[in-house]
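See structure below.
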Amino acid sequence: MKSTKGMFVFDPSYTRRCACREPVIGEDGRPETDAKGKPKTRKIGASCPKLKEKDHGTWHLYFELEPGEGGERQRVRRGGFAKKTDAQRKAKELYDAATAGTDILSDETCGDFFLRWIKAKKSLARTTRHGYQEHIDNYLMPHLGHIKRRDLKVRHLDLMYDAIEKENAERILHRLRVKELQEARDEAYRAWVKTAGYAKREERRPYRQAFLEANKALREGKRGLRKVTSPATMHRINDTLSSALSWGIKREQAFARNWAQFVELPSVTRPKPIVWTPERVEHWKRTGEKPGPVMVWTPKLTGEFLDFVKDDWLYELWHSFIFLGPRRGEMAAVPWTEVSIDALWLRISQQIVEVAYQLYGEAPKAESVRTVSLSLESAENLVSFRTKQEQKRQEWGAAYVETGRVWTHENGEALHPDWISRRFTRLVELSGLPPVRLHDLRHLAATLSLLAGNDIKVVQEKLGHSSRQITSDTYTSVLPEMMRAEAESVIAVVPREIPYKVHTPLEIPETAWQGDLVVFFAHGARQAGENWSVGAQTRPDSDLLGLVTLVGRGQDDAANAAVKWMRDHCTSNDLELVRIENFNDQYQGEQRQEFALLRFTLARTETPSIAGWDTARPSPVGRNNRQKRARPRAA
């Protein structure tokens with residue numbers, strides 16, 4: 002950089018140098034030696050006679066920037082270029098970066114920069130900081146820490162992720178070896194156990210020794226076993242790196258670009274919740290395999306779980322997880338001051354976070370602070386649990402721990418979020434139900450709410466999501482009931498005229514009615530060729546309420562004829578067809594061509610009068626009334 006009438010111009014110089022050395026000659030004309038008697042040498046540099054050869058030496062560049070503070074000269078030097086054109090290209094790149102504000106003179110390493118960045122981030126949530134620090138310690142420092150900040154490029158990031166994938170391959174092989182060792186240990190244990198009761202001690206000794214050796218081999222094989230870095234984790238590492246580089250660019254132009262934005266990583270697909278249908282449950286019972294990492298119970302399985310845990314100390318907590326859909330840290334932090342039994346609401350404004358099994362109280366994200374409406378049953382559960390707490394407070398006396406939290410152990414101590422998860426997992430195992438995680442209950446709560454006909458916006462606010470899109474993409478696992486309702490609603494749009502012949506007119510006895518509603522089935526069966534008969538019954542073993550026949554090509558025609566039959570009957574008898582449910586999908590294989598099954602819900606059109614409601618006063622239902630109805634459950 003030269004000065005011309007006070008202006009600086011870009012004028013780099015280029016020299017060719019080599020690493021050749023020559024002896025140092027003293028004033029007396031002799032080669033000088035060091036303290037150990039070895040001859041001293043020095044670099045020849047630009048004066049090496051071999052530089053006349055084409056491939057000898059490398060090119061170096063030099064230019065100056067505008068003077069710094071106090072007029073200090075700022076020199077830029079780089080070397081090691083095979084061609085002069087490479088040096089020229091690099092000089093232009095450095096000059097452009099310096100003009101844009103990038104500090105190209107700093108010798109700070111990426112490792113020092115990462116530590117400086119994480120220290121400067123004062124407003125990070127505790128869990129976020131812990132995650133960033135893990136990424137720095139386990140990935141960024143080992144792979145990028147030694148690189149000078151000014152030299153960082155996207156190729157260095159590519160090399161880091163290549164190294165991670167290589168480590169993954171080694172870790173997978175290690176895990177496979179551990180699995181083989183575990184199977185060998187288990188086999189040796191079974192062989193040893195089989196000898197109990199009939200073999201003498203001397204005969205059992207070799208089997209026991211084989212088990213001990215296999216167990217020792219397993220312990221040694223597990224040493225150094227590490228988790229595989231998943232694609233999702235790679236994306237989180239890259240997000241951490243991107244955040245650091247963005248901060249450096251905004252604060253001090255520390256990088257020319259945010260290189261993390263140019264990295265190509267394996268795609269990540271968020272697992273969709275899968276429902277435990279009867280077929281999947283049967284497969285799990287046979288093989289022990291889960292269809293996916295995120296599983297959701299059906300309403301029937303959910304009811305079975307609640308029935309199983311009805312005598313558990315935390316029954317009301319499990320009920321709240323299922324129907325309110327909170328996060329475990331949110332429920333662990335709820336104080337009684339944020340619950341209104343009379344107004345039927347629970348406010349989530351705190352959360353307990355776990356970092357290295359240490360608990361910390363934090364405010365959740367802004368969108369997660371919310372007020373959740375309670376049903377009467379949920380409110381009565383809270384009253385019941387508070388009654389149980391009061392009983393335990395009296396039993397424990399001075400040893401009772403006062404935390405003010407809603408959900409506690411029997412001695413009043415607060416619940417650890419990880420303990421809640423482990424306790425739930427244990428209860429699921431004891432129940433014999435197909436496995437779900439505690440967090441999967443959020444999916445279940447969302448799905449049950451959607452099944453009840455609530456709008457996705459209502460579900461979003463209930464779960465504390467920042468947008469409808471997150472709720473829609475993540476939590477709308479579809480139960481079989483919703484799938485059938487959707488399928489039937491689509492089919493119902495296109496009316497089909499399937500002629501039928503009435504053999505026995507439909508007559509619904511008064512004993513079949515439940516108030517103003519009646520529910521019964523229409524069961525179709527192929528008789529011969531394309532001839533079908535469809536009979537109406539309340540149960541498989543009950544008498545026929547009516548019978549029609551038709552000519553159809555399959556169960557769809559039989560179903561359409563049954564629907565037309567019911568609609569015609571409702572029209573002629575002043576009834577309302579409330580609901581149609583198609584259960585044809587329960588038949589598999591060849592049965593689909595032989596049978597059809599639908600369930601109908603009919604209603605009488607006569608309804609109670611609304612006269613008098615404008616002056617009627619509802620009886621008060623408040624805290625005291627609910628307390629009288631609530632029965633404390635056994636601990």
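Under our numbering, residues 2 to 636 are what the sequence shown spells out, in order.
Don't be surprised by glycine CBs; every beta carbon is placed ideally from N, CA and C.
These numbers were taken from a predicted model, which means no experiment stands behind them.
Output needed for R186: all residues of its chain with C-beta closer than 8 Å, excluding positions within five of it in sequence on either side, in chain order. F212, A215, N216, A218, L219
Complete runs of the alpha helix (DSSP H) confined to the stretch 549–581 [at least 4 residues]: Unbroken alpha helix (DSSP H) stretches of 4 residues or longer found wholly inside the stretch 549–581: 556–574, given in chain order.
Would you report the Cα separation of A233 and V335, rounded to the nearest angstrom? Between A233 and V335, the C-alpha separation is close to 31 Å.
Cβ shell of H157 (< 7 Å), same chain only, five flanking positions each side left out: L145, I148
Taking contact to mean 3 or more Cβ pairs, one atom from each stretch, closer than 8 Å, check whether the stretch 42–51 and the stretch 89–97 are in contact. No: the two stretches stay apart, fewer than three of their Cβ pairs being nearer than 8 Å.
Inter-residue CB distance, P500 and L578 (contact presumed, cutoff 8 Å): With a Cβ gap of about 19 Å, P500 and L578 do not count as contacting.
Outcome for W420 when other beta-carbon atoms lying within 10 angstroms are tallied against a minimum of 16: exposed
Exposed or buried, Q589, counting other C-beta atoms within 10 Å across all chains shown (16 or more means buried)? exposed
Taking R600 as part of the alpha helix (DSSP H), name the residues at either end of that continuous run. From DSSP, R600 is part of no alpha helix (DSSP H) but of the beta strand (DSSP E) over 596–605.
Suppose only complete runs of 4+ residues qualify. What are the alpha helix (DSSP H) ranges in the stretch 116–155, listed by chain order? 127–136, 142–145
Presumed contact (8 Å Cβ cut-off) between A639 and L546, rounded CB distance: The question about residue 639 has no answer here: the residues shown for the chain are numbered 2 through 636.
Taking a contact to mean a Cβ-Cβ separation below 8 Å, would you say F584 touches L599 in this structure? yes
Measuring straight from C-alpha to C-alpha, what distance separates L153 and K223? 36 Å
Alpha carbon to alpha carbon, how far is Y401 from H410? 10 Å
Given a cut-off of 8 Å on the beta-carbon distance, is the pair E317 and N382 in contact? yes
Under 8 Å, do R22 and I45 count as touching if we go by C-beta distance? yes
Return the CA-CA distance between A105 and N259, expressed in angstroms with no decimal places. Before going on, a small fix: residue 105 reads as Ile here, not Ala. Their backbone Cα atoms lie some 15 Å apart in a straight line.
Can you give me the Cβ contacts of I275 inside the same chain, cut-off strictly under 6 Å, excluding the 5 residues immediately before and after it? P292, G293, M296
Where the beta strand (DSSP E) through N259 begins and ends: No beta strand (DSSP E) contains N259, which DSSP labels as neither H nor E.
Take the Cβ of V10 as the centre, count every other Cβ of all protein chains shown within 10 Å, and call the residue buried at 16 or more, exposed below. Classification for V10: exposed.
Taking DSSP as the reference, what is the three-state secondary structure of F1? Residue 1 lies beyond the range of the chain shown here (2 to 636); nothing can be said about it.
Buried or exposed (CB count within 10 angstroms, at least 16 for buried), V194: By the beta-carbon neighbour count (other beta carbons within 10 angstroms, threshold 16), V194 is exposed.
Might you give, ordered along the chain, the residues of its own chain that have their beta carbon closer than 8 Å to the beta carbon of R371, omitting 5 neighbours on each side? Apart from the 5 residues on each side of it in sequence, R371 sits with its Cβ closer than 8 Å to the Cβ of R348, I349, E462, K463, G465 in its chain, given in chain order.
Contact between the stretch 433–443 and the stretch 267–286: three or more CB pairs below 8 Å? The stretch 433–443, when compared against the stretch 267–286, does touch it at the 8 Å Cβ threshold.
Could you tell me how far apart the beta carbons of P272 and L449 are, in whole angstroms, since I believe they sit closer than 8 Å? P272 to L449, Cβ: 20 Å. No contact.
What is the C-beta distance between G553 and W533, in whole angstroms, given that I count them as a contact (C-beta under 8 Å)? 5 Å
Please name the residue, chosen from R443, A257, E265, that lies closest to R328 on a Cα-to-Cα basis. R443
Do you know whose CA, among G132, C111, R127, N169, lies nearest R143's CA? What sits at residue 143 in the sequence shown is Pro, not Arg. It is C111 whose Cα lies nearest to the Cα of P143.
Using the Cα positions of V491 and W514, report the straight-line distance between them to the nearest angstrom. Caution applies to V491, whose pLDDT of 47 falls short of 50 and renders its modelled position unreliable; the model cannot decide the point.
As a quick exercise: from T303, R527, S379, pick the residue whose alpha carbon is nearest that of D441. T303
Are R235 and Y133 closer than 8 Å when you measure CB to CB? Correcting the residue type first, residue 235 is Met in the shown sequence and not Arg. M235 is not a Cβ neighbour of Y133, given a cutoff of 8 Å.
Tell me whether D558 counts as near the ligand NAP, meaning its Cβ is closer than 7 Å to at least one heavy atom of that ligand. Looking for the ligand NAP in the displayed structure turns up nothing, as the structure carries no ligands at all.
Is it buried or exposed, P418, if we count other Cβ atoms within 10 angstroms and call 16 or more buried? buried
If W60 sits next to K85, beta carbons under 8 Å apart, how far is it from one beta carbon to the other, in whole angstroms? 5 Å
Quick check on this structure: which residue in R117, P267, E403 has the alpha carbon closest to the alpha carbon of R252? R117
Using a Cβ-Cβ cutoff of less than 7 Å, which residues in the same chain neighbour T288 once the five nearest sequence positions on both sides are dropped? none
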